[in-house]
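Here the structure comes first, spelled out in structure tokens, and everything after it is commentary.
Residue numbers (mature numbering (1 follows the signal peptide of the UniProt record, and there is no 0)): -17 to -1, 1 to 314.
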């Protein structure tokens, strides 16, 4: 059973004439994030104005976070320490040069590996400290999209739900969160904690769909598997916790017909082999017994015949002796 909780992924937009910058809070890999930004792209940090717009998007966030921006080095490109972008290029275009370049960690020299760069922001003062850091493109982070003005409404501030892996659900109106949740939601901390824009904690039970049986909602809002074996439902059998449920199986000391067949297959195989062996042993014992009985009977019969033969010989000798004595008397 698969845990089914579909987070509402909310986006925050900074009002601008052109373009529009949108913050997506559900972590994704670089390539997945770039696809989710269509018809736009992952944002660039080409100019100081663009950096200011992106940082303004994060003005109400926690003190520290890492997000994908559209900076990538292809497999055929080489890291060049002499260039502002070190051989990386913006996916939104603009070439290898940039008016703004601030690396927190220098990229390792390579001409064969694909590398991506993430934006790290540390808010330790009124002016946030930001930097670019080379990271594997497979890592998952929140990301910022850059949407051209012709592809989006620049004045919209309504949160945009991001589709999840589950079945489609009707679009939720902003007022559907209840009277106590009247503002858009944003999540900025790690592990995930959903908060309102006024920094108060959101009530997840009014935002997220319920979990399927066998799962429970964690503090982060995600569905987690319940360990049913903690309550000891299997008595003398072994409890195996599985995804969304559990199984009771034999532990080798008990024989229970309700055990899972996959767990007692070895025992069934042993029984199948043992029965013919026992039958063969029993047949051998019977055969040996018959042979022994026949031998004993033959020995007794032979002994009886010998006794009769000896007795007959004695009688014959006695008769001959008597006849001889009688003949001597007459002479």
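Even for Gly, the Cβ is constructed at its ideal location relative to N, Cα and C. Here the structure is a predicted model, which means the values were calculated and not measured.
{"Item": "Whether residue 219 touches residue 210 by CB criterion (8 Å)", "Value": "no"}
{"Item": "Cβ separation of residue 7 and residue 128, assumed to be a contact under 8 Å, to the nearest whole Å", "Value": "6 Å"}
{"Item": "Presumed contact (8 Å Cβ cut-off) between residue 70 and residue 91, rounded CB distance", "Value": "At roughly 11 Å, the Cβ-Cβ gap does not stay under 8 Å, so residue 70 and residue 91 are not in contact."}
{"Item": "Residue 2 burial status per 10 Å Cβ neighbour count (16 or more: buried)", "Value": "buried"}
{"Item": "Alpha carbon of residue 51 to alpha carbon of residue 94, nearest angstrom", "Value": "22 Å"}
{"Item": "Contacting residues, own chain, Cβ-Cβ under 8 Å from residue 4 (five flanking each side not counted)", "Value": "-5, -4, 26, 36, 37, 40, 127, 128, 129 and 130"}
{"Item": "Proximity winner among 123, 122 and 103, relative to residue 115 (alpha-carbon distances)", "Value": "103"}
{"Item": "One or two residues paired with residue 198 in a DSSP bridge", "Value": "208"}
{"Item": "Per DSSP, cross-strand counterpart(s) of residue 223", "Value": "230"}
{"Item": "Per-residue burial, residue 125 [other beta carbons within 10 Å of its own, 16 or more giving buried]", "Value": "buried"}
{"Item": "Residue 3, enclosing alpha helix (DSSP H) - first and last residue", "Value": "Segment 3 to 11 is the beta strand (DSSP E) holding residue 3; no alpha helix (DSSP H) there."}
{"Item": "CB of residue 117 within 8 Å of CB of residue 88, strictly", "Value": "yes"}
{"Item": "Anticipated Cβ contact below 8 Å, residue 68 with residue 42, distance rounded", "Value": "About 26 Å; that fails the 8 Å criterion."}
{"Item": "Close-in-space but distant-in-sequence residues of the same chain around residue 11 (CB under 6 Å, 5 per side omitted)", "Value": "123"}
{"Item": "Straight-line gap, residue 233 to residue 222 (C-alpha atoms, nearest Å)", "Value": "9 Å"}
{"Item": "Nearest-angstrom Cα separation, counted from residue 34 out to residue 316", "Value": "Nothing in the structure corresponds to residue 316, since the chain is present only between -17 and 314."}
{"Item": "Reference residue 53; option with closest CA among 62, 21, 17 and 86", "Value": "17"}
{"Item": "Distance between residue 194 and residue 208 (C-alpha atoms, nearest Å)", "Value": "10 Å"}
{"Item": "Distance between beta carbons of residue 13 and residue 120, contact taken as under 8 Å", "Value": "4 Å"}
{"Item": "Classification of residue 132 by the beta-carbon crowding that lies within 10 angstroms, buried from 16 upward", "Value": "exposed"}
{"Item": "Supposed close pair residue 58, residue 97 - CB separation, criterion 8 Å", "Value": "5 Å"}
{"Item": "Collapsed DSSP secondary structure at residue 70 in the structure displayed", "Value": "coil"}
{"Item": "Proximity to residue 60 [Cα-Cα], best of 99, 205 and 28", "Value": "99"}
{"Item": "Pair within 8 Å by beta-carbon distance, residue 24 and residue 75", "Value": "yes"}
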